[in-house]
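Residues 68 to 146 (our numbering) are what the sequence shown spells out, left to right.
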Amino acid sequence: MSNKADFYDKLKIQLADTTDFPADYLYKFIVPTTENQVAEVESIFNNLGAVITKKKSKTGKYVSVSILVNLKSANEVIV
Numbered sequence: 068m069s070n071k072a073d074f075y076d077k078l079k080i081q082l083a084d085t086t087d088f089p090a091d092y093l094y095k096f097i098v099p100t101t102e103n104q105v106a107e108v109e110s111i112f113n114n115l116g117a118v119i120t121k122k123k124s125k126t127g128k129y130v131s132v133s134i135l136v137n138l139k140s141a142n143e144v145i146v
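Here's what the structure looks like:
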């Protein structure tokens, strides 16, 4: 098994142990301030009923994208 697969297997177990699903899950991304990259992150969560908030950095070079979405299982966090 690869390190990547091991990481996600461990994450799935930790999520199942610490979270009662369905539950709200918060994703946070820091991306360069280009409409392309911000839109790309948003599009991943497009049809999930997510609440998306954005905040620019002091210098304006980056955007913090916070995505709150209700997920049914630990599997949905990883996929």
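Where is the CB? At the ideal position from N, CA and C, for every residue including glycine.
(request) Decide if residue 134 is buried, meaning its Cβ has at least 16 other Cβ atoms within 10 Å, or exposed. (result) Taking the first residue of the sequence shown as position 1, residue 134 is located at position 67. Looking at its Cβ environment, which holds 16 or more other Cβ atoms inside 10 Å, residue 134 is buried.
(request) State buried or exposed for residue 144, treating a residue as buried only when at least 16 other CB atoms are found within 10 Å of its CB. (result) Numbered from 1 along the sequence shown, position 77 holds the residue referred to as residue 144. Residue burial annotation: residue 144 is buried, with at least 16 other C-beta atoms found within 10 angstroms of its C-beta.
(message) Quick check on this structure: which residue in 136, 69, 132, 77 has the alpha carbon closest to the alpha carbon of residue 107?
(response) Translated into the one-based positions of the sequence shown, residue 107 becomes position 40. With distances taken between Cα atoms, residue 107 lies closest to 132.
(message) Can you tell me whether residue 124 is helix, strand or coil according to DSSP?
(response) Here residue 124 refers to the residue found at position 57 when the sequence shown is read from its first residue. Residue 124: coil per DSSP, three-state reduction.
(request) Using beta-carbon positions only, say whether residue 138 and residue 90 come within less than 8 Å of one another. (result) Taking the sequence shown and counting its residues from 1, the one referred to as residue 138 is at position 71. Taking the sequence shown and counting its residues from 1, the one referred to as residue 90 is at position 23. Closer than 8 Å, so yes.
(request) Give the straight-line distance between the Cα atoms of residue 78 and residue 97, rounded to the nearest whole angstrom. (result) Here residue 78 refers to the residue found at position 11 when the sequence shown is read from its first residue. Here residue 97 refers to the residue found at position 30 when the sequence shown is read from its first residue. Those two C-alpha atoms are separated by around 21 Å.
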